[in-house]
DNA sequence: TCTGGGGTCCTAGGACCC
DNA sequence: TCTGGGGTCCTAGGACCC
């Protein structure tokens with residue numbers, strides 16, 4: 001979906017179309033006052049001049065989405081709000097409204113599923129679709145179906161999307177970036193050299209800033225550079241798994257299936273404080289936040305019907321270093337008090353002398369509620385370990 | 001001048017088991 | 001006195017993605 005969060009906001013506030021608009025994380029809602037002032041009026045009637053501006057924002061947070069007019073100023077996702085304010089002070093700033101984005105997420109996925117049932121969910125604004133066997137899916141190399149799908153999504157949601165069509169997920173993802181917004185692009189295996197090799201390695205989904213930098217230091221900038229290196233050399237430099245994957249990716253090879261169902265591995269809640277807090281000086285405030293996070297994770301688990309055996313915490317210090325601690329229990333839990341107890345144990349094992357910026361609580365090793373007995377491994381091991389060596393075989 | 005929140009997967013060492 | 005070869009699980013950190 002194109003500039004998804006911002007585009008959803010523009011459905012509510014069409015008067016902001018064409019203006020630089022950013023959606024940014026903040027616990028306070030900059031448009032609260034606005035909505036109160038205009039209570040009872042249609043949202044689309046609120047004058048543009050009254051919307052909160054980026055330059056008036058003080059506080060922490062990053063941009064989650066910027067509209068195309070805002071991107072003209074050099075603003076982009078994950079940029080700090082204070083830095084963005086310097087680049088484009090007159091941009092309008094709206095807070096994230098996940099409930100609303102999830103609603104539109106469900107809407108567009110329903111449309112996709114109705115046309116092509118093999119869909120992999122890749123988050124709120126992205127999916128992979130295997131339409132190999134969809135009737136008419138091969139017409140015009142896939143363009144016919146992609147066009148129908150764009151129209152159906154626009155009809156149902158008022159939103160645009162960009163679609164990449166290719167023989168595998170790796171190439172389809174790259175293709176989807178070629179023609180944004182509201183574009184379709186088709187990449188065939190024989191287009192690799194012309195369309196993919198000239199691109200920067202960073203365009204490959206799976207090569208991030210660290211790998212890009214390491215590749216650059218080795219004289220590898222484009223995907224063509226990468227493809228030219230022997231597989232064995234890449235394995236030497238990057239390890240067995242990642243090196244081989246880099247080679248395959250550069251040659252457009254990817255045999256991952258479209259996965260339509262999956263179980264969650266972990267659930268977590270974390271929060272960045274408005275100011276850095278100290279374990280001693282701000283003990284009570286930290287304790288309140290800590291307990292609230294445990295309650296939120298517990299509520300998430302219970303709502304979705306899961307419990308978990310591995311309880312963990314995450315700290316981010318003022319200098320941005322991260323520490324994590326976790327512990328695995330014998331039996332899965334999902335209640336706030338038990339999570340709070342285990343997380344408290346974890347907290348005792350981590351240094352707390354420096355100021356903290358963030359605190360998080362995580363529950364992993366999830367099992368579906370009611371299937372707790374399906375994970376007896378550690379218990380079984382313990383039982384065997386204590387068994388009488390004369391009745392239990394040694395080998 | 002700073003840098004969110006929610007995830008997945010991988011690595012590597014140590015404990016423990018057979 | 002010196003000594004194996006698997007395997008799984010747990011823990012901490014890190015890269016990466018949306």
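In full-length UniProt numbering, the protein residues as written are 1 to 395. Every residue gets a Cβ at the ideal spot worked out from N, C-alpha and C, and that includes glycine.
Beta-bridge partners of residue i, as assigned by DSSP
{"i": "residue 120", "result": "128"}
{"i": "residue 185", "result": "164"}
{"i": "residue 396", "result": "With the chain running from 1 to 395 in the structure shown, residue 396 is simply not present."}
{"i": "residue 159", "result": "In DSSP, residue 159 forms no bridge with anything."}
{"i": "residue 363", "result": "267, 311"}
{"i": "residue 358", "result": "272, 316"}
Exposed unless 16 or more other CB atoms sit within 10 angstroms - verdict on residue i
{"i": "residue 63", "result": "buried"}
{"i": "residue 148", "result": "exposed"}
{"i": "residue 131", "result": "buried"}
{"i": "residue 20", "result": "buried"}
{"i": "residue 176", "result": "buried"}
{"i": "residue 332", "result": "buried"}
{"i": "residue 370", "result": "exposed"}
{"i": "residue 114", "result": "exposed"}
{"i": "residue 228", "result": "exposed"}
{"i": "residue 4", "result": "buried"}
{"i": "residue 150", "result": "buried"}
{"i": "residue 39", "result": "exposed"}
{"i": "residue 35", "result": "exposed"}
{"i": "residue 169", "result": "buried"}
{"i": "residue 255", "result": "exposed"}
{"i": "residue 17", "result": "exposed"}
{"i": "residue 275", "result": "exposed"}
Own chain residues within Cβ distance below 7 Å of residue i, not counting five before or after
{"i": "residue 289", "result": "271, 359"}
{"i": "residue 11", "result": "158"}
{"i": "residue 428", "result": "The structure shown has nothing for residue 428, since the chain only spans 1 to 395."}
{"i": "residue 246", "result": "226, 234, 238"}
Beta-carbon contacts of residue i that lie in its chain and below 8 Å, excluding the five residues immediately before and after
{"i": "residue 31", "result": "51, 52, 94, 95"}
{"i": "residue 244", "result": "231, 234, 235"}
{"i": "residue 76", "result": "63, 66"}
{"i": "residue 313", "result": "324, 325, 326, 343, 346, 347, 350, 359, 360, 361, 362"}
{"i": "residue 317", "result": "323, 354, 355, 356, 357"}
heavy atom of the ligand SAM below 7 Å from residue i C-beta
{"i": "residue 19", "result": "Questions concerning the ligand SAM fall outside what the structure shown contains, since it holds no ligand whatsoever."}
Cutoff 6 Å; reference residue i; Cβ partners in own chain excluding five residues on either side
{"i": "residue 205", "result": "173"}
{"i": "residue 48", "result": "15"}
{"i": "residue 293", "result": "269, 361"}
{"i": "residue 309", "result": "328, 329, 332, 365"}
{"i": "residue 167", "result": "189"}
{"i": "residue 197", "result": "223, 224"}
Indicate whether the contact test is met: 3 or more Cβ pairs, each with one atom in the region 231-240 and one in the region 254-274, closer than 8 Å. No, the region 231-240 does not touch the region 254-274.
Please give me, in chain order, every unbroken run of the beta strand (DSSP E) with length at least 3 that falls completely inside the region 263-344. For the region 263-344, whole beta strand (DSSP E) runs of length 3 or above, ordered along the chain, are 266-277, 306-317, 322-333.
Three or more C-beta pairs closer than 8 Å, one from the region 78-90 and one from the region 50-62: is that the case here? In this structure the region 78-90 touches the region 50-62; the number of beta carbon pairs closer than 8 Å is three or more.
Continuous alpha helix (DSSP H) assignments of at least 4 residues falling wholly in the region 9-94: Counting only runs of 4 or more, we get 32-37, 68-71, 81-87.
Tell me whether the region 95-110 and the region 129-143 touch, counting them as touching only if at least three CB pairs, one residue from each stretch, are closer than 8 Å. By the Cβ criterion, the region 95-110 is not in contact with the region 129-143, since fewer than three pairs of Cβ atoms, one from each stretch, lie closer than 8 Å.
Does the structure place the region 313-327 close enough to the region 343-356 that three or more beta carbon pairs sit under 8 Å? Short answer: they touch.
For the region 191-237, list the alpha helix (DSSP H) runs that are entirely contained and at least 4 residues long, ordered along the chain. Taken in chain order, the whole alpha helix (DSSP H) runs of length 4 or more contained in the region 191-237 are 209-217, 223-228.
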